[in-house]
Each structure stands twice: as C-alpha cells, then as structure tokens.
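Okay, so here's the structure we're looking at.
Numbering (full-length UniProt numbering), first residue to last: 1 to 507.
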C-alpha cells in the first residue's frame, strides 16, 4: 500500500531580485517519516523552509499538505496547517525568559484575555521534563544561555505546539556529542507520534542515523529524491557539490609541533565562568585542537585569549613575553596579532547590513584613512585580494554580508583577519552549519595559513575535524586541560574518553 504524502512541492520557484533561490523544484515527503533536505549553502534548502513556514511566498508553483493545496502566506497560516519550524538562526527573544519564549505567541488566556500563568508554566515544565530538559530554568533570560541550550529551546518550543509537520533547519550545527543523541531520540519520538520531520543537516552520519528518505538540491534545482539507503556517501556528496571530493581533509605534513617557534603561551588561565586551569603553548605553523563537551570552558578560553572575557588567574605570553589582553583591540594589535572567528558569525563576527568590504576592513580601517577620509579604492583593492584568497565572489565587495550563504559569510569573517595580518587565528567551531564543499575549502585555507607561518587554535564540535586537521589536541574537562593527545594516539576514541572524564589530568 502506498504511503500517504505529507508534503508535496509542485514546480516551486522563488527569486530574490536577480537571484533565483529555488528553480522549478518538485518533490514529495511521505507522512510519518523523517526526510533529509540536503545541499550546499545557497542551494535553496533554507528558502524551501521559509516557504513552508509562511515567511515568504513562491513566485510560481506551490505546496500540497496532506493532499490539499495550501496558501502559506504567513507563519500563522503555516501553523494552521500543522507546520512548526525550529530555525538554525534562532528566533528566540533574548530579553525574555525561556518560559515566555516558549509561550509566544500562543500563551493560554482566560475569558478576559489574561494569561493563565501558573497553568502555562506547569505545562511547559512537563513538556521540558518529557524532553529531558528539566535542568533548564524556565525563568532565566535566553540572552545569557549557551548556543546549544538556545537551540534545544528552539526545538522544544516547536514541539510544544504538537506539529503534524516539524521542520528542523540545521538543528545540530550548535550541538555535539550527547546533544546530537538527544535530538535523535526526540526525532524518533516525534515520528512515533505520527509527525513528519524535514531535517536539514550537513552531517551525513546524522542523515543515515535519523532519516528515511532524502532530497538533494543544487543551485536551487532539484537533483534527486529517494530512500537514504539507496545512496552511498560518495554519491550523495557528488550530487550535493556537482563533483567528486576525493579527499575530505588535506594531508597533514610530517612534522612535530616543536618545529616552529613558540608564538602563544597560556599558563594557569582561569576566567569568570567555567574555565579554571588551562596551560598550553602554540607554535608557529601549528594547528592546535581543543576538544570538550558542551560547557567545559572552551568558550571562555577562546574569549580570554581574545580579550573578551575577564581573566581571574594565570597569564598569557606572546613570543615569550607576558602581555595584557584586556580587550579585542589589544588582541589585534600588530605586536600581538590574535584574532577570533567566533561561534555565531551572524551576531558576533559580522555586521549583516554592511558590505563585505566594510566588514573586512573595519579592524584596520586606519590603514586606508587619511585626515578622516577613507581611500575607497585602496580599501577595495586590499579587500579584493583577500577575497581571492578565500574564494569569495567579487560581488561581496559591494553586497551586504547578510545576503550571502553561511559558508560565504564565514569566509568573509576569516578574510577580515587575513587582511589584519593576524599571526594567530582562534577558530571556534568554524565549519558550524557549513556544507561539505565549503568545509573542504576552509580546510585547505587553514592548512595554507599555517604553511605560510600562521598558527591556529581550533575548537570543533566535530571530532573527526580535530583528528584530521590538528597536529595535537588538548581535551578540556570541567574547566581544566585533562589530556593532550598527539601522534598515534590522536584518534576519536582517545579524545572522547578524555572528554567524558575517563582520563586523568595531564601531568
């Protein structure tokens, strides 16, 4: 018997000005299944999600939901069709509590229009407990929470409304380890309840673990739809990027980290927050990996090295000399040369309404200024040169950063520090939410940077990245460096054992 269809896209087209985001796309998603939507950044996945969420409307074609043609002209129209979305770029209001965010905009009210506060709080508390999120304080403001916690709240809010169709837009880009396992259990629970899930991810392992079927988009066009089991990984990658990627990671050079001079040394570093004791040395031409489960102090470590977190103990030395890094301005000074590509590029790395040129030149704008006036041609020529290095399209020179895909935004964020001639790059989960093709480009860029004499401190939620990119890896556990992993011991098992607290602290 044929399985009923939950969603059918029928020759859908959507353009934003001259950019065609979705071009004559048709596919079907069976009811009570988990369906992966795959493609590079800019392939049209997020546009499909926005169309189904009622945020934008198609220029041509349309959708059928459970066999009926629907006009999804607003989020409320999508909600009436049983569609709920958990977005990657989260829609939570940072100045409201967790509880208020979950209740928006459908808080239960009495006949006078007053919110039934106690009943609502009890319902949300029960819901969070069912999802294993009972440790989240419903009265805490969202703005102060970690990115992974915010992502879980975004997902929990969508599920709280009991959707018939749940859209998950790159939900694991902010999650790692046990959090991904948590999401897998949540997806299985929703499927068992009869919900249909559309799952966007760049991690093929998750697609195989969670999904029944898949659709691949490329350049806004439909490439293939079928059962996940019918395609091997190489075939999926070839469909996504339009070519074969023979080697996922660039080859590591045969060297030890001692081969370069010491550039950055951290001794007994502690901060306000979760970092209590970190010591390490970073050498010229080295990629030093940092691993750890959520909330083990890695974020505080990176922020402290960039002057964005208050240091309570320990010291930082550059080229063997102690330095005071009290602000990012101190960090990027030529005699220090430390730069940070942060966790959330949209809110912390870029001004989305400014052009790629303006974003890239901001840290060193005085280089292009004289008597208070900017030499625009000199500025653009310099930025164009670094854009060529990171392979960003020329239109980024004059186009606002917010108009680009996540991968290109990340390249602009990195280009900014290449222009500043930074000697040390702090890369905090730099491939988060990046497609497989762009990941490959960023890996090559990292290797080229260190081969030219730069140094990288790299944190990633994807352990294989650390294994294949880093010369050695420090594992953080409960705010301390628990273990250094290098040489033949540098593998996923050794890193995860230390990350889970199964190793003693390094001597």
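We treat Cβ as the ideally placed atom computed from N, Cα and C, and that holds for glycine.
Rounded distance between the beta-carbons of residue j and residue i, thought under 8 Å
i, j, result
"residue 203", "residue 43", "About 16 Å separates the two Cβ atoms, so there is no contact after all."
"residue 480", "residue 277", "5 Å"
"residue 70", "residue 64", "7 Å"
"residue 314", "residue 268", "4 Å"
"residue 401", "residue 354", "6 Å"
"residue 142", "residue 94", "5 Å"
"residue 437", "residue 240", "7 Å"
"residue 102", "residue 36", "With 8 Å as the limit, residue 102 and residue 36 do not qualify as a contact, their Cβ atoms being about 27 Å apart."
"residue 392", "residue 356", "7 Å"
Residue i, enclosing alpha helix (DSSP H) - first and last residue
i, result
"residue 329", "328 to 332"
"residue 345", "Looking at the DSSP string, residue 345 is not in any alpha helix (DSSP H), and its letter there is neither H nor E."
"residue 205", "204 to 210"
"residue 466", "463 to 469"
"residue 226", "Element bounds for residue 226: not the alpha helix (DSSP H) but the beta strand (DSSP E), 221 to 227."
"residue 184", "178 to 193"
"residue 361", "356 to 361"
"residue 84", "Taken as a continuous stretch (DSSP letters only), residue 84 belongs to no alpha helix (DSSP H), being part of the beta strand (DSSP E) at 83 to 86."
Whole-angstrom distance between residue j and residue i, CA atom to CA atom
i, j, result
"residue 450", "residue 338", "14 Å"
"residue 388", "residue 164", "46 Å"
"residue 154", "residue 488", "40 Å"
"residue 132", "residue 59", "41 Å"
"residue 119", "residue 130", "17 Å"
"residue 49", "residue 291", "32 Å"
"residue 378", "residue 359", "15 Å"
"residue 505", "residue 137", "Confidence at residue 505 is low in this model, with a pLDDT of 43, below 50, so the placement of that residue should be treated as unreliable; the coordinate-derived value is given next. Each residue's Cα considered, the two are about 31 Å apart."
"residue 346", "residue 352", "7 Å"
"residue 362", "residue 342", "16 Å"
"residue 497", "residue 293", "11 Å"
"residue 74", "residue 56", "8 Å"
"residue 495", "residue 275", "19 Å"
"residue 305", "residue 433", "24 Å"
"residue 456", "residue 398", "29 Å"
"residue 319", "residue 326", "18 Å"
"residue 394", "residue 465", "29 Å"
"residue 144", "residue 92", "12 Å"
"residue 336", "residue 328", "11 Å"
"residue 170", "residue 180", "11 Å"
"residue 128", "residue 295", "20 Å"
"residue 139", "residue 23", "44 Å"
"residue 166", "residue 411", "31 Å"
"residue 105", "residue 207", "32 Å"
"residue 68", "residue 441", "43 Å"
"residue 72", "residue 231", "32 Å"
Check whether residue i and residue j have beta carbons under 8 Å apart
i, j, result
"residue 85", "residue 46", "no"
"residue 428", "residue 340", "yes"
"residue 473", "residue 500", "no"
"residue 88", "residue 173", "yes"
"residue 66", "residue 6", "yes"
"residue 302", "residue 459", "yes"
"residue 467", "residue 419", "no"
"residue 284", "residue 453", "yes"
"residue 264", "residue 475", "no"
"residue 413", "residue 309", "no"
"residue 228", "residue 211", "yes"
"residue 175", "residue 168", "no"
Residue closest to residue i, alpha-carbon to alpha-carbon, out of the options
i, options, result
"residue 126", "94, 159, 149", "159"
"residue 134", "146, 152, 118, 119", "152"
"residue 82", "196, 287, 8", "196"
"residue 30", "226, 356, 453", "226"
"residue 287", "390, 299, 397, 486", "486"
"residue 214", "33, 495, 269", "33"
"residue 270", "307, 146, 181", "307"
"residue 435", "445, 408, 421, 456", "408"
"residue 311", "300, 328, 352", "300"
"residue 222", "192, 426, 430, 21", "21"
"residue 99", "121, 78, 423", "121"
"residue 422", "376, 390, 369, 334", "334"
"residue 96", "372, 150, 51, 79", "150"
Residue i - containing beta strand (DSSP E), residue span
i, result
"residue 279", "278 to 283"
"residue 495", "Here residue 495 belongs to no beta strand (DSSP E); instead the alpha helix (DSSP H) covers 492 to 499."
"residue 14", "5 to 16"
"residue 29", "19 to 30"
"residue 473", "472 to 477"
"residue 452", "Run containing residue 452: none; DSSP gives neither H nor E here."
"residue 55", "Unbroken run through residue 55: none, as it is neither H nor E."
"residue 2", "Where residue 2 is concerned, there is no enclosing beta strand (DSSP E), given that its DSSP letter is neither H nor E."
"residue 511", "Examination of residue 511 is not possible in this model, given that the chain is present from 1 through 507 alone."
"residue 512", "As displayed, the chain neither begins before 1 nor continues past 507, which places residue 512 out of reach and without an answer."
"residue 38", "34 to 38"
Near the ligand ATP: residue i beta-carbon under 7 Å from a heavy atom
i, result
"residue 163", "Among the ligands in the structure shown, none appear at all, so the ligand ATP cannot be discussed."
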